[in-house]
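**Student:** Chains R and W, in that order, give the protein sequences. Counting from 16, one number per residue, gives the positions in the first sequence under the working numbering. Counting from 115, one number per residue, gives the positions in the second sequence under the working numbering.
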Amino acid sequence: MTSSDQNHSWRERFLEAELMPPCSGSSREQHDWTPLEVDHWHFYRDPPARHLKLLQRHELQEMVERLGQLFQVHGQDVDVSVLSLDQVQSLVDGAADTMADERASAQAKARELEEMSARLHGAEVALKEVQAQSALLQAQLGMVLGSLSFRLGRRVTLPFRLLRGISRRALRLLREPALFRVRLVRLRQALSRQGWRGVLQRLAQPGDGGLLSPYVPFLEQDEYARWRQVHGTLEGTARQALTDWVNTLERPPLFSVVMPVFNTDPALLRSTLDSLRAQIYPHWELCVADDASSRQETREVLQEAAAQDARVRVVWRDTNGHISRASNSALALVRGQYVVLMDHDDLLSEDALCCVARTVIARPGLGLIYSDEDKVDQQGRHYDPYFKPDWNPDLLRSQNYVNHLCVYRADLVREVGGFRECFEGSQDYDLLLRVSERLTPSEVAHIPRILYHWRAVAGSEALESGVKNYARDSARRALEEHLARCGVAGEVLESAECPGMWRIRYPLPDPAPRVSVIIPTRNGLVLLTRCLETLLHRTDYPDLEILVVDNGSDDPAVLGYLAGLAERDRIRVIRDDRPFNFSALNNAAAMQATGQVLVLLNNDVEIIHEDWLRELVSHALRPEIGVVGARLWFPDDTLQHGGVVLGIGGVAGHAFKGLPRGKVACFGRTSLIQNYSAVTAACLAVRRDVFMEVGGLDEQGLAVAFNDIDFCIKVREQGYRNLWTPHAELYHHESASRGYEDTPEKQRRFAGEVGVMLDRWGPLLGSDPAYNPNLSLERDDFSLAWSPRDEAVSP
Amino acid sequence: MATSSLRPKSAVVDVIVPVFGGELLARQCIESVLESCGETPFQLVVIDDAGPEPSLSSWLDSMAAGGRLLLLRNDANQGFVRSVNRGMSLHPDRDVVLLNSDARVCGDWLDRLRACAWEHPWTGTVTPLSNNATLASYPRFMTENPMPEGWDLPAMDALCARVNQGLSVRVPTAVGFCMYIRRDCLEATGYFDARRFGRGYGEENDFCRRAAARGYEHRLSGSVYVWHAGGASFGDSAGFWQQRARQAMLELHPDYDALVAAHVAEDPQRAMRRRLDLTRLSLSPRPRVLAITHRQGGGVEQHLLDVSRVLEQDVELLSIAQDGHDVMRLRWLRSGEEDFSLWFRMPHELDALLSLLRRLRVCRIHVHHVLEVPRCIMDLPESLGVPWDFTVHDHYPICPQYNLTDEHGRFCGEPDVAGCDRCLSVRPGPWGLDIRSWRGLFAHYLRGAERVFVPSRITLARVQSYMPEANYVLAPHPAPVVAEAGDVSAAALTPSDKSMSLGMVPPAFPPLGRPVKVLVIGVINPAKGLDLLTRCAWDARNRRLPLEFRVLGWFERPMLGADQVPVSCTGPYPREQVLQLLRAEGADILMYPSQAPETWSYTLSEGLNTDLPLVAAARGAMLERLAGCERAVLLCPDEQACIWNDAILSLVGDNPQ
């Protein structure tokens, strides 16, 4: 039997039975079938909503209820059931709108949640790193203890658990006593400023205040927003304390807020005025000059404000005179001792005037007070905080870093004649330069706290410096006149890397003074030849003397090369076979140098541009300038030296180390001439008399490390300003010659040198005036400190 | 989205058909659009992408000249996506429908698509159902379907319009063969990415994901059905372009595959398909028969599948079986239909099931197996008031141990009532019945059946001896449906943890120059002769016989010392390809070592389809089915292993191939 027969017979047999057809004929053609339906949940084995129908009905009911609620909210008393179809349609459309809005907000929430989870993830990763580090340290401690008890013949039984409890800190201290001392100094500072509570707080904080500072990778996004939540806003108690403090004042200084207004968006203007009214410090007056606004609403807002608050006074100008004239009109109204400049759409933090008042009361005789600032966008998000250095005259010649909040003593502004016309766009910069010429550094105060929020509105300067091109020309003229008034024959050039910022090129006298370049060296032929050959052939300077200090080279090739060098007339080779002491080598060479300017140069640098020496010397010759540092790059074109910040990583660290070439950070501070407290001796220039005045490098205490930092601070203490210029560029093949601090002997020496620095400069190391207390001492990229070192707020 | 955006900007819709070649299909497509009737005013925009067929071009020209369509012609071939973009930019205020030239529409399709597109405020695109459009496919999801038998496009479309009126579900992406794009979505999202997806494939997916990122949803409308030929658009280079598009999607939307996979797994559009299925089933002119079965697969399922094909033209066959603790699963067994499933929770959804079966006008029930089936399902015939048949697939009516084996898997030899009760006290049956009550229950049940089908005489005799009063019908099972020729190698089976490699290599058999390969088919458990197979393997090893045992299937329990004997197995295999697999294995002889008496044995049917010699256990249906078969040897399964092995060797030695 074949299979088809088999199938056939089975079929025949099965069909023998009576099988009723469902119904006669097919009704398909008439298209009048009734759909056969079953409940939805039968389509699923495990139905997600078994009672879907119920749910739907429930939802429907809810919708109707919500519609009703909506109408109630809108003041409409509508019974949904009696509406006509069109009315229901329109209501439903309205509801659809609401739903769409809600959906959008829900989506925004979801995004927010996603971001939060991403941040959480970052924090978890950091936590894991810390945990791993801690485990490693514990393991190391275990080993140390093991060997310790072994050596003591097992007679010492240490309570191991107790030790393990403090192991994280103790071990770090064992390994880096220098670090410990840094911490101690900071704690001592905290003690003097905040008392024991401050110290305890600091110890409890995981940030740079604690003994152990885990490296927490920063999440770029919204970092500032989070920082601001913690440190940028006032808590109730702090606010109350400030209010109390204000009430105790007997003769509170009066601040006159000067504000020119022209067709300002009324909403923005209102919020500006509100931020002023919200000041904790009540003793202010607002001097508004309305520059003949054609916008009625703007005028109305001002009229309203003046009517509401007697402290608000408005002068209505008949004709539009642009910002300088308008500002001067407002200045004419000033009755207070201090003038506060404020733009018509910006915001003050609520403690702004309070902080200023505290500063001027604490330091009478101040002529100029400025604070940090940030930007705020239309949605009220704060971003781009600029944590500024203390008084930094050379940075001021590179950019108007003072900007906002800027408070002048009123008589100074009157003396210089207020704002000048023809400097529109940079009239504030011009005024600042003119006032600053009349001030000594001690008459300028910087409040390291964000007191001013610059509003980024399209067309306003905050958004783009290119928007107002005319401001550039006036800034250039302001600088040129400033230099002229100071008697400096400088040339104002626009910075190539930061448009809208400046480079002053100072002239060299003719003939240029002799420069003595001091290069200590030992072996390392490749490094030395690269350094010397570029120095000889890639340097455009007329009168150059090179002193190569050979500290015990024994490589015959190097010796041969040095012997050949000695025959050249510009080079002297000084043989100094004492044990390596960087300070002594340089000092000895400086004694023999004949140049008016000394340049200390490491043997592992390589010159990039020909005018590096002219740039360095032009600054070094300025009488107020002490040490001049250069911009050094790693061979991979990342920044090696962009100035030294005291306190970073303990004693001092290089700013912006690792920044890729061509990238600008921190509002141009990576690419502008400015004052730093110290610069590296890998390449520095200083007048010989200044060098001698401070006694050169410290041979006794600082043979190898930190002698340059110490030297710079000493120069600074003598009243000179140290300066870093980005326009002298060199490659630095760092640590290629000296090796690492790896032997115990070297580490002991290093620790000793850290000790010397701390003893000598302890308090200064945590509060570099070229830095900002709100910036981290753990990292060198000017990122935010999670426990700021200055408590400007607390009374 | 403002209220105003809930209304289309323009009343007119552009239907954009890019045409390249395929004259017949393209003409049908364009004519179907022009003939479609609806209230929505539309403009048919045909873009001739410099196609190679002049007759098509001239036909398009004549159509355009008649003013029935707007013809845009690319000077040079621009590719699908650029053509579409050109069409979409034609009227910047109109919604558009992109229609492939190998699709066909009918009726007021556009009205329904448009209604669906503007029903929800944030709908971006709408895709209709189709016979061939991945996740919009019907009847079978994610498959290319022919039109269901007896249904043409207008009927199918009308059915969708009627049954799925207003139904739509969210989908992660539209399907490009026919997509309605709302203008506001198009404006927000931008046009298709011609740079990356110039040839087509994936451009709509990219578009949809971009739109989704802007808050738009994509819907699959259940109320429109559009026919789609599909597949042949780009000729030989299709694979390359598909590959490229996949790569681009992976780069642009790395989560896309996972999204689609999740959607396919969830398959929310099944509700729409089920509604269509149900209505089509209820409209079928054939009588409905419901089979009650178990979920163990094996011979019963094979039989049901065979029956469904044999009776394809005669009945609509439904089946119901246990699927999990208290859930029954109702299926429609018809090739070309999806594995249609409705689930009913017992007992509280029994009424819903009964009501459905009544509305489907089920006229007969066929009980194949009642293992695990709740009483209320056993009583279905009574509840529905329809006649019913019974097929004996094993000895379940006689004994809950349906293989008639003892706890060691040996044939129990049918002891007396006391012996059976002893056995059942060790291994109780489902309802805790003693053997007398069990048989009484089933005697009653079989008596009630209109017919009791029994596949083999020996089984008939055995069952009849216990339950004489029933209308028995001897009917050998239909032959299994086997796939037609096609080369499959055993290696093509995906390796699974159930496969097992050879424990030792046996010596060669001189007449063959290699060991004799003995093949056993199926899942080997004690009842299926695991013990005998183990003994044979060990005998072969101990006597160094040139025998290699191979199982096409796997061991339900591990074989003792499997790593030391010449045994291997393939793991699970697709039943349709068993013939090819048998051929590919290159076996010399088939072995059926079953301990239990078989009632039919489908694996024997498969073996009989080959021309290999067989050695089988002389028990049950084997005896009957192999009687008179010259290439078969029947041996007692309790016989010593050496007898079996020697028989195998002599059988192969007599017919060396």
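Note that beta-carbon positions come from the ideal geometry of N, C-alpha and C, so glycine has one too.
Starting from W:Ala593, find everything on chain R with Cβ-Cβ shorter than 7 Å and list it in chain order.
**Tutor:** The count along the second sequence starts at 1 and reaches residue 593 of chain W at position 479. What W:Ala593 touches in chain R: Ser18, Gln21 and Asn22.
**Student:** Going along the chain, which residues of the stretch 640-667 of chain W sit with their C-beta nearer than 7 Å to a C-beta in chain R?
**Tutor:** Per Cβ criterion, the list is empty.
**Student:** Quick one: does R:Glu793 have its CB under 7 Å from some CB of chain W?
**Tutor:** Within the first sequence, residue 793 of chain R is the residue found at index 778, counting from 1. Not closer than 7 Å to any Cβ of chain W, the Cβ of R:Glu793 fails to qualify, so no.
**Student:** In the DSSP output, which residue or residues are listed as bridge partners for W:Thr519?
**Tutor:** Counting from 1 along the second sequence, the entry for residue 519 of chain W is found at position 405. DSSP output for W:Thr519 lists W:Phe525 as bridge partner(s).
**Student:** Residue range of the alpha helix (DSSP H) that R:Glu744 falls in?
**Tutor:** For the purposes of this step, residue 744 of chain R is identified with residue 729 of the first sequence, where counting begins at 1. It is not in any alpha helix (DSSP H) - R:Glu744 instead sits in the beta strand (DSSP E) that spans Arg736 to His747.
**Student:** For W:Ala730, list the residues DSSP reports as bridge partners.
**Tutor:** Within the second sequence, the letter at position 616 stands for residue 730 of chain W. Note: W:Ala730 sits in a beta bridge opposite W:Tyr706 and W:Leu748.
**Student:** Suppose contacts are defined by Cβ-Cβ distances below 7 Å. Is R:Asp445 in contact with R:Arg429 by that definition?
**Tutor:** Translated into the one-based positions of the first sequence, residue 445 of chain R becomes position 430. Translated into the one-based positions of the first sequence, residue 429 of chain R becomes position 414. No, they are not a contact pair.
**Student:** Which residue wins for smallest C-alpha separation from R:Asn566, given the options R:Gly641, R:Gly579 and R:Asn601?
**Tutor:** The sequence position of residue 566 of chain R within the first sequence is 551, counting from 1. Among R:Gly641, R:Gly579 and R:Asn601, the Cα nearest to that of R:Asn566 is on R:Asn601.
**Student:** Give, in chain order, every unbroken run of the beta strand (DSSP E) that is at least 3 residues long and sits entirely within the stretch 322-364 of chain R.
**Tutor:** You should have 327-331 and 353-356.
**Student:** Looking at the unbroken beta strand (DSSP E) that takes in R:Leu647, where does it start and where does it end?
**Tutor:** Within the first sequence, the letter at position 632 stands for residue 647 of chain R. That run of the beta strand (DSSP E) goes Ile640 to Trp648.
**Student:** Can you check whether the CB of W:Arg254 is closer than 7 Å to the CB of W:Ser337?
**Tutor:** Indexing the second sequence from 1 puts residue 337 of chain W at position 223. Indexing the second sequence from 1 puts residue 254 of chain W at position 140. Their beta carbons are not under 7 Å apart, which means W:Ser337 does not touch W:Arg254 by this criterion.
**Student:** For a contact defined as C-beta to C-beta under 9 Å, what are the partners of R:Leu128 on chain W?
**Tutor:** Working through the first sequence from its first residue, we reach residue 128 of chain R at position 113. The premise fails here: R:Leu128 is roughly 17 Å from chain W at the closest Cβ pair, so nothing lies under 9 Å.
**Student:** Under 7 Å between beta-carbons, which chain W residues line up against R:Ala123? List them in chain order, please.
**Tutor:** Position 108 of the first sequence, counting from 1, holds the residue named residue 123 of chain R. Here the premise fails: no neighbours, minimum Cβ distance about 11 Å.
**Student:** Roughly how many angstroms lie between the CA atoms of R:Arg763 and R:Leu780, to the nearest whole one?
**Tutor:** Numbered from its first residue, the first sequence carries residue 763 of chain R at position 748. Numbered from its first residue, the first sequence carries residue 780 of chain R at position 765. Rounded to whole angstroms, R:Arg763 to R:Leu780 spans 21 Å at the Cα level.
**Student:** Based on the DSSP secondary-structure assignment, which residues constitute the bridge partners of W:Thr241?
**Tutor:** Position 127 of the second sequence, counted from the start, is the residue given in the question as residue 241 of chain W. W:Thr241 is bridged to W:Leu334.
**Student:** Give a yes or no on whether 7 Å exceeds the smallest Cβ distance from W:Arg388 to chain R.
**Tutor:** Taking the first residue of the second sequence as position 1, residue 388 of chain W is located at position 274. Interface residue, yes.
**Student:** Leaving out five residues on either side along the sequence, give the residues of the same chain with a beta carbon under 7 Å from the beta carbon of R:Val679.
**Tutor:** In the first sequence, the residue the question calls residue 679 of chain R occupies position 664. Cβ within range, chain order: Glu512, Cys513, Thr685 and Ser686.
**Student:** Check whether the Cβ atoms of R:Pro404 and R:Ala785 lie closer than 7 Å to each other.
**Tutor:** Residue 404 of chain R sits at position 389 when you count from the first residue of the first sequence. Residue 785 of chain R sits at position 770 when you count from the first residue of the first sequence. Result yes, Cβ atoms of R:Pro404 and R:Ala785 sit closer than 7 Å.
**Student:** Just the chain R side, please: which residues come within less than 7 Å of W:Val441 by C-beta, in chain order?
**Tutor:** Translated into positions along the second sequence, residue 441 of chain W becomes position 327. Those within 7 Å of W:Val441 in chain R are Arg60.
**Student:** For the structure I just gave you, are there three or more beta carbon pairs, one from the stretch 379-396 of chain W and one from the stretch 243-252 of chain W, closer than 8 Å?
**Tutor:** Enough Cβ pairs lie closer than 8 Å, so yes.
**Student:** By the criterion of Cβ-Cβ separation under 7 Å, what are the contact partners of R:Leu619 in chain W?
**Tutor:** By one-based count along the first sequence, residue 619 of chain R stands at place 604. A small correction: the amino acid at residue 619 of chain R is Asp; Leu does not occupy that position in the sequence shown. Neighbours of R:Asp619 on chain W: none; closest Cβ ~44 Å, over 7 Å.
**Student:** So, with DSSP's three-state summary, where would you put R:Glu458?
**Tutor:** Taking the first residue of the first sequence as 1, we reach residue 458 of chain R at position 443. Three-state result, R:Glu458: helix.
**Student:** Would you kindly work out how many angstroms separate the C-alpha atoms of W:Thr393 and W:Trp265, rounded to a whole number?
**Tutor:** Residue mapping note: residue 393 of chain W aligns to position 279 of the second sequence, counting from 1. Residue mapping note: residue 265 of chain W aligns to position 151 of the second sequence, counting from 1. Approximately 12 Å, taken between the alpha carbons.
**Student:** Closer than 8 Å by beta-carbon distance: list the chain R residues that pair up with W:His458, in chain order.
**Tutor:** By 1-based counting over the second sequence, the position of residue 458 of chain W is 344. This sequence places Phe at residue 458 of chain W; His is not what is there. By Cβ distance, chain R contributes His57.
**Student:** Between W:Leu722 and chain R, is the shortest Cβ-Cβ distance under 7 Å, so that the two count as touching?
**Tutor:** Translated into the one-based positions of the second sequence, residue 722 of chain W becomes position 608. By this cut-off, W:Leu722 is not an interface position.
**Student:** Contact criterion: CB-CB distance below 7 Å. Does R:Pro267 meet it with respect to chain W?
**Tutor:** The sequence position of residue 267 of chain R within the first sequence is 252, counting from 1. No, no contact with chain W.
**Student:** Quick one: what does DSSP say R:Pro463 is sitting in, helix, strand or coil?
**Tutor:** By one-based count along the first sequence, residue 463 of chain R stands at place 448. DSSP places R:Pro463 in strand when its eight states are reduced to three.
**Student:** Counting contacts by CB-CB distance shorter than 7 Å, is W:Val435 in contact with chain R?
**Tutor:** Within the second sequence, residue 435 of chain W is the residue found at index 321, counting from 1. It is Ala, not Val, that sits at residue 435 of chain W in the sequence shown. By this cut-off, W:Ala435 is not an interface position.
**Student:** Would you mind listing the beta strand (DSSP E) stretches within the stretch 483-557 of chain W that are 3+ residues and don't spill past its ends, in chain order?
**Tutor:** Correct list: 502-505.
**Student:** Using a threshold of 7 Å, state whether the C-beta atoms of W:Val566 and W:Leu588 are closer than that.
**Tutor:** Residue 566 of chain W sits at position 452 when you count from the first residue of the second sequence. Residue 588 of chain W sits at position 474 when you count from the first residue of the second sequence. Not closer than 7 Å, so no.
**Student:** By the three-class DSSP mapping on this structure, what secondary structure does W:Ser215 have?
**Tutor:** On the second sequence, position 101 is the one that residue 215 of chain W refers to. Looking at W:Ser215 - three-state DSSP - the assignment turns out to be coil, as it is neither helix nor strand.
**Student:** Would you list, in chain order, the members of the stretch 423-434 of chain W that have their beta-carbon closer than 7 Å to a beta-carbon of chain R?
**Tutor:** The stretch 423-434 of chain W vs chain R, Cβ under 7 Å: Val424, Leu425, Asp428 and Val429.
**Student:** With DSSP as the reference, identify every bridge partner of W:His342, one or two as the case may be.
**Tutor:** The residue you call residue 342 of chain W lines up with position 228 of the second sequence. W:His342 is bridged to W:Ala217.
**Student:** Could you have a look at W:Ala584 and say whether DSSP puts it in helix, strand or coil?
**Tutor:** Numbered from its first residue, the second sequence carries residue 584 of chain W at position 470. W:Ala584 falls in the coil class under three-state DSSP.
**Student:** For a contact meaning CB atoms closer than 7 Å, what does W:Ala343 contact in chain R?
**Tutor:** Locating residue 343 of chain W in the second sequence gives position 229, counting from the first residue. Under the 7 Å cutoff, chain R gives no residues; its nearest Cβ is about 24 Å from W:Ala343.
**Student:** Between R:Thr609 and the rest of its own chain, which residues show a CB-CB distance below 8 Å, the 5 nearest in sequence each way excluded?
**Tutor:** The residue labelled residue 609 of chain R in the question sits at position 594 within the first sequence. Same-chain partners within the cutoff: Arg529, Ser531 and Glu560.
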